[in-house]
Ligand code: KG4
Ligand code: ZN
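In the working numbering, the protein residues as written are 441 to 785.
In structure tokens, the structure reads:
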């Protein structure tokens with residue numbers, strides 16, 4: 441079975457062709473057209489510009505995916521497109537284009553939840569399927585969720601951020617420090633560099649909600665703490681590179697401490713067999729390593745996406761599309777594809 445995945449929920453225009461044989465997924469192509477250069481001057485995604493870019497780029501990206509895979513659209517068996525959550529103007533471009541393709545070529549079509557896509561990203565090219573129940577930490581620019589997966593297709597959000605998402609905290613703090621956009625990779629890079637230094641500045645930042653009994657998160661206080669700290673330091677003199685690096689490193693530690701602590705506590709409470717990590721922030725090497733080591737210490741298996749599938753991509757949407765198609769959980773006609781942000785429908 442060949443699935444065409446389409447993802448336009450935010451600022452990445454993506455198309456992928458995924459092959460399923462014997463229930464195993466194999467990514468044939470995964471094309472992503474990034475808009476980072478366009479949004480960089482705004483320090484975040486400018487919604488109307490993102491939609492315009494999707495309109496311009498989506499036909500090219502789909503054509504390129506088909507060309508690279510050496511496939512014709514007639515050979516596609518299913519179209520899977522992101523239906524939410526995301527920027528509505530961006531989602532509508534992908535959905536309308538996917539519906540048109542489905543209508544013109546008489547193909548089944550399925551609308552996919554973006555978060556289910558991130559969950560699926562840990563399964564791409566995996567030879568073994570994660571043992572369930574599992575807990576999945578989804579950390580991206582828009583989301584910080586702990587999802588309990590009891591059986592395939594059954595999702596329960598057991599914890600989430602009350603304000604900023606983890607990726608958003610990375611982005612906003614990097615902006616305060618003048619480290620550029622997107623902030624996650626910039627802070628990650630600064631922290632890695634800092635670890636090689638012999639003399640390091642000691643900075644202490646809070647670990648918001650680390651001791652709270654529930655599995656919710658809050659990162660806006662961390663951002664405020666960095667804002668006040670930099671304001672006070674700047675009263676003396678402009679921030680040095682060393683100070684910026686030290687604050688970036690401590691920011692990363694603070695975010696990772698909270699994420700790892702809560703994920704493992706949820707994993708123990710729900711007695712899961714596997715811990716999964718996904719979303720753009722899962723590209724962070726330190727987070728990947730620590731969560732893997734700590735999960736193994738508890739005797740749990742650990743799954744993470746390959747680096748190229750950590751941030752938004754369409755291969756993960758194609759795989760989630762296959763799951764929904766196979767389980768007949770959703771209808772596959774054009775009129776059933778509507779904007780909908782619910783994870784479980
Ligand atoms: O999943 P994604 O591509 O888009 C959303 O669905 O939001 O995630 C993007 C987020 C951004 O906030 C970015 O700063 C963060 O992922 N990110 C990272 C790293 N690479 C990307 N955060 C921490 N460390 C990284 N290496
Ligand atoms: Zn995402």
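For glycine and all other residues, C-beta sits at the position ideal for the given N, C-alpha and C.
Is residue i near the ligand KG4, in the sense that its beta carbon is under 7 Å from a heavy atom of that ligand?
| i | result |
| --- | --- |
| residue 487 | no |
| residue 581 | yes |
| residue 624 | yes |
| residue 723 | yes |
| residue 611 | yes |
| residue 450 | yes |
| residue 620 | no |
| residue 510 | no |
| residue 593 | no |
Kindly examine the ligand NAD and report whether one of its heavy atoms sits closer than 7 Å to the Cβ of residue i.
| i | result |
| --- | --- |
| residue 752 | The model depicted lacks the ligand NAD and carries the ligand KG4 and the ligand ZN instead. |
Thinking C-alpha only, which one of the options is nearest residue i?
| i | options | result |
| --- | --- | --- |
| residue 585 | 592, 575, 599 and 591 | 599 |
| residue 464 | 674, 622, 768 and 565 | 565 |
| residue 590 | 581, 711, 495 and 622 | 711 |
| residue 775 | 540, 526 and 750 | 540 |
| residue 670 | 616, 502, 714 and 772 | 616 |
| residue 728 | 754, 757, 706 and 692 | 692 |
| residue 533 | 494, 639 and 675 | 494 |
| residue 583 | 732, 721 and 683 | 721 |
| residue 627 | 596, 694, 657 and 685 | 685 |
| residue 757 | 703, 611 and 469 | 469 |
| residue 611 | 672, 509 and 485 | 485 |
| residue 517 | 441, 734 and 689 | 441 |
| residue 559 | 689, 535 and 596 | 596 |
| residue 502 | 769, 736, 738 and 753 | 753 |
| residue 619 | 702, 779, 480 and 443 | 480 |
| residue 747 | 563, 714, 674 and 672 | 563 |
Going by the beta-carbon positions, is the gap between residue i and residue j smaller than 8 Å?
| i | j | result |
| --- | --- | --- |
| residue 698 | residue 648 | yes |
| residue 716 | residue 605 | no |
| residue 571 | residue 741 | yes |
| residue 718 | residue 578 | yes |
| residue 623 | residue 646 | no |
| residue 749 | residue 755 | yes |
| residue 511 | residue 458 | no |
| residue 449 | residue 530 | yes |
| residue 557 | residue 760 | yes |
| residue 609 | residue 687 | no |
| residue 603 | residue 658 | yes |
| residue 777 | residue 523 | yes |
| residue 520 | residue 445 | yes |
| residue 734 | residue 704 | yes |
| residue 552 | residue 538 | no |
| residue 707 | residue 679 | no |
| residue 726 | residue 614 | no |
| residue 513 | residue 506 | yes |
So who's on the other strand from residue i, going by DSSP bridges?
| i | result |
| --- | --- |
| residue 657 | 601 |
| residue 575 | 588 and 715 |
| residue 553 | 524 |
| residue 454 | 447 and 472 |
| residue 465 | 460 |
| residue 489 | Answer is none; residue 489 lacks a bridge partner. |
| residue 786 | With the chain covering 441 to 785 only, the question about residue 786 has no answer from this structure. |
| residue 640 | Per DSSP, none; premise fails for residue 640. |
| residue 741 | 714 |
| residue 504 | Partner(s): none; residue 504 has no beta bridge. |
| residue 518 | 443 |
Sorry if obvious, but does the Cβ on residue i come closer than 7 Å to a heavy atom of the ligand ZN?
| i | result |
| --- | --- |
| residue 719 | yes |
| residue 494 | no |
| residue 558 | yes |
| residue 693 | no |
| residue 479 | no |
(Q) Check whether the stretch 471 to 486 and the stretch 445 to 461 touch, using three or more Cβ-Cβ pairs below 8 Å as the test. (A) yes
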